[in-house]
Amino acid sequence: VVETTKAAINSCNFREAEEKIKLVRRITRILGHRFQQISLDNSNEEKMKEQSGKIVNSVDELEKQLESVLKNVVNKYKEIKLSGCQFNPYASNPPKALYDKLDKVMQIAATSNYREAWEEIEGDITKKVRDLLLDAREKVTNSNSRESEACIRLCESVLNSLPEHVQEILKDEIQQCREDIKYEIENALKEVEQVMQKKNVQDINELLSRCNSNQEKTIKSGVDKMAREIVSRIDKQWMDGETSEALSSMEELYRFKNTFKKKMPDLDRYFINARDSLSSSFDKYQKHIITTFESVDRGTTGLEWTEKAFDFVLICLEVKTNPTGDIDPDELLPLNFNEKIKELDSKTYNYFVSLQQRFKKSMEAMNVEELHAVLNVMKTVGNEGPFLQKVRAFMKKKTVCGISDDSTFKLFTYSEMIRDLNSYLEKMVDEVIGDGIINATTKANDVDRERFFNQVKDKLNFLKQISQLKGHVTNTQKLESCETVLEKEVQDLAKKNAEISKWNSTSCSEINLYYKCFTVMQKNGILLNVMKPQIDAIEDMVKNRVEQIEKDAITDLGVEHVLPRLLSMKEISVHIFDFKAMVDKRIDELLSAYKRHNSKNGMSISLLALQLEKDPSGIGYNVALFNVKTQSHGIDHVLKKVETKGVKIDEAKLEKKYEDFNTIYRKLIQDNLAEKPTLSMLVSNIKMITRGIEQKPDNVDWSATIRNKIPDLMAHIFALWTLQNAQFYFDAKGADNQDSYLLQPHAAQ
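Mapped onto this note's numbering, the consecutive letters of the sequence shown carry residue numbers 3 to 751.
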């Protein structure tokens, strides 16, 4: 019985154990009473008492064992940790099974230790379940609904392991907890929904800073969606060409991602993509301006595209110039924005400068075709209008990118170009009319005269062609009047020629000058319908005059009569150089007639020559003739005729040296020309120039110092020579070509 009782205790069959213990105690009492009635010998009696004592002790031990097992069971359940479990820890030893055993023994047991044990276990389990429910609530509060739901399910699982009366108690609590959690979750999500619907970024960020995990997940999802909506809006705005709106949306996205950067740093990717899109668009428009600036005038489409590109750039510059709020424009705009703006500034500057240069060069070169092209381009890009306004705005705003504002540079506009063109044309007309036909240049020599009228021809052709550009040129009447004025001057000169009554050196020089001017003008195609009749008239007039003198001389072939006629004819030959061959032939014929008439007098020709030599005007004529011939060949003619062996001369350098010499020489003549010149100063200057220069025939040194002095030295030497022989100049006082009576050096000298 004792052994079976032990087995019942170990298996927690407390009722069976209690009943067996009662049985043992009853048997012990019965046997003990029986032993007192039956007398046994002493030895057997002692043995019986001993056995009876052992049984009593065994019963006491069983009671102690039962009490120990009960305590261990209580401790075992108390040691179970419910929090943190994924599965029901009571499933292997359900408390309701233990309760069934304890409930049976509690009905018969005289002691209350079983009830106390169960109440202790029940209280422990109840507390653990309630603690777990509290934990579930906290997990919802801390944004972990998944773990909260796991706690509820664990409580429900534990509930199935408990006695019915405990289930009744905890079931309602679990259900209430579930409903509370559901309400809390729904309420939290409702708060999120309300805040997200308003789309107030600051309110959303404030909620995000204090929300639970469920709310955080929903908020982050909503914020991400808002970011994507902004990006979609930006993409559409780029596509629709709404640049300002797109940049405003980018600023919104910039603030948006900065607001949530602590909680949602990955929002940067949306801004980076948007910035890349901006950079791509900016590069496209900037490159368009750079590559198509030269052809912007070729149609309205190109101009509109370039205007659109400038609009885009200007809006970006506005962001750089006037950033709003906390916007850092360098973070918003492309990384290489400043460099691209500098490149665009350089292109814009060079483009307008190149147009200005092309305009000036085409005017100077009198290239009407090129000038017309430049004017057309400038009318497109430089006329007052949207395009020019955008370019001006760009040049003004570029300084925010570190580009210095060049105060000396001003955009050359179409109106300024037209103003300069008309001013240039009017000045050219005034110069052509002011210079006229007879002037210092046309009086100088054949080379200068040829060059002058060649330039006049170019100017007249230029004025005639440019006057056709009525869309650009304003005062075309003045341009067209230029030839009319020149034609009137020709007629006035012809009239003056026709009125010459006294043939002397002055009148002959005038005739010669007019004839040369008219022939050069005809050669250059100037006033062709006027020139030929006037040239023919001069030729007839000279021929008639020579024939008249010759006829008059033939009437009396005496020395005294022939001599003045020969001098008159020679005067025409010398001063009207183009008729020299014809006049000299007539002189030869007259001399032949004179010789034949005076053939009996062998000294007739000698006497005539002696008389001609004595005539002072004869020497003057010879000097003038020499000068006319030498001065007709300028430095250009000489340089073309210079020949060297194996070495090419530097024509430009020689021409420059000659010009230096000629300038000094002319100045010295002008300052010192007098009937009794003081030449000591010139001599002293020559000595000063040559001081320290010593040349030996076998060792000539052409140092840079010596070479640089040559133009000055030669100018002084030739000036001294000219002034020493100036008497012929003063003898010819009153003559129009008085300068030709000065001995002057040939360019070759």
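In this text, a Cβ means the ideal position worked out from N, Cα and C, and glycines have one as well. Predicted, not measured: the structure shown is a model, and the values here were computed from it.
Have a look at Glu309, Trp120, Val321 and flag the residue whose alpha-carbon is nearest the alpha-carbon of Leu752. In the structure displayed, the chain extends from 3 to 751; residue 752 sits before or after that span and is not available.
Tell me the DSSP secondary structure of Lys698 in three-state form. Reduced to three states, the DSSP call for Lys698 is strand.
If you draw a straight line from the C-alpha of Glu309 to the C-alpha of Lys392, how long is it? 7 Å
Segment contact flag, the segment 437-453 with the segment 483-496, C-beta cutoff 8 Å, min 3 pairs: yes
Helix or strand or just coil, what does DSSP make of Asn115? helix
Can you tell me whether DSSP reads Met571 as helix, strand or coil? helix
Relative to the alpha-carbon of Glu306, which residue among Glu491, Ile291, Glu418 has its alpha-carbon at the smallest distance? Ile291
Quick check: what's the CA-CA separation for Val355 versus Ile420? 16 Å
According to DSSP, is Ala749 helix, strand or coil? coil
Ignore the nearest five residues each way along the sequence and tell me which others in Asp741's own chain have a CB closer than 7 Å to its CB. none
In terms of residue numbering, what span does the alpha helix (DSSP H) encompassing Pro388 cover? 388-399
Count the CB pairs spanning the segment 218-231 and the segment 195-206 that are closer than 8 Å, and state whether there are at least three. yes
Determine, using beta-carbon pairs with one atom in the segment 460-470 and one in the segment 531-541, whether at least three such pairs fall under 8 Å. no
Do Ile1 and Arg567 have their CB atoms nearer than 8 Å? Lying before the first or after the last residue shown, residue 1 is absent from the chain, which here runs from 3 to 751.
From which residue to which residue does the alpha helix (DSSP H) around Ala190 run? 166-200 is the span of the alpha helix (DSSP H), which, as asked, contains Ala190.
Around the Cβ of Thr245, are there at least 16 other Cβ atoms within 10 angstroms (buried) or fewer (exposed)? buried
So what does DSSP say about Tyr92, is it helix, strand or coil? coil
Could you tell me if the beta carbon of Leu569 falls within a distance shorter than 7 Å of some heavy atom in the ligand PLP? This structure lacks the ligand PLP, and indeed carries no ligand of any kind.
Start and end of the alpha helix (DSSP H) containing Ile1? Nothing about residue 1 can be reported from this structure: the residues present for the chain run from 3 to 751 only.
Going by beta-carbon coordinates alone, are Ile82 and Pro91 separated by less than 8 Å? yes
Between Ile621 and the rest of its own chain, which residues show a CB-CB distance below 6 Å, the 5 nearest in sequence each way excluded? Summary for Ile621: the model assigns pLDDT 46, below 50, so the residue's position carries little reliability; its value from the coordinates is reported in the next sentence. Once the five neighbours on either side are set aside, Ile621 has no close Cβ partner at all.
In or out: Gly648 buried (at least 16 other Cβ within 10 Å) or exposed? exposed
CB-CB under 6 Å to Leu745, same chain, minus the five flanking residues each way: which ones, in chain order? Thr724, Asn727
Along the chain, where does the alpha helix (DSSP H) that runs through Tyr416 open and close? 416-437
Extent of the continuous alpha helix (DSSP H) run through Met266: It is not in any alpha helix (DSSP H) - Met266 carries neither H nor E in the DSSP assignment.
Output needed for Ile317: all residues of its chain with C-beta closer than 8 Å, excluding positions within five of it in sequence on either side, in chain order. Thr245, Ser246, Leu249
Would you check if there are 3 or more beta carbon pairs closer than 8 Å linking the segment 519-535 to the segment 592-599? no
Which residues in the same chain as Ala311 place their Cβ atom closer than 7 Å to its Cβ, once the five residues preceding and following it in sequence are excluded? Tyr287, His290, Ile291
Excluding the 5 residues flanking Ile236 on each side, which residues of the same chain have their C-beta closer than 8 Å to its C-beta? Ala248, Ser251, Met252, Leu255, Ala276, Ser279
Measuring CB to CB, does Phe262 end up less than 8 Å from Asn216? no
Where Thr680 sits in the DSSP three-state scheme: coil
Label Val131 either buried or exposed according to how many other C-beta atoms from any shown protein chain fall within 10 Å of its C-beta, with 16 as the threshold for buried. If you draw a 10 Å sphere on the C-beta of Val131, you find 16 or more other C-beta atoms in it, and that means buried.
Assigned secondary structure, His474 (DSSP; H/G/I helix, E/B strand, else coil): Of the three classes helix, strand and coil, the one that applies to His474 here is coil, per DSSP.
Does the segment 509-522 come close enough to the segment 571-587 that 3 or more CB-CB pairs lie under 8 Å? yes
Give me the Cα-Cα distance between Asn624 and Met571, rounded to the nearest whole angstrom. Per-residue confidence for Asn624 stands at a pLDDT of 49, beneath the threshold of 50, marking its modelled position as unreliable; no derived number is given.
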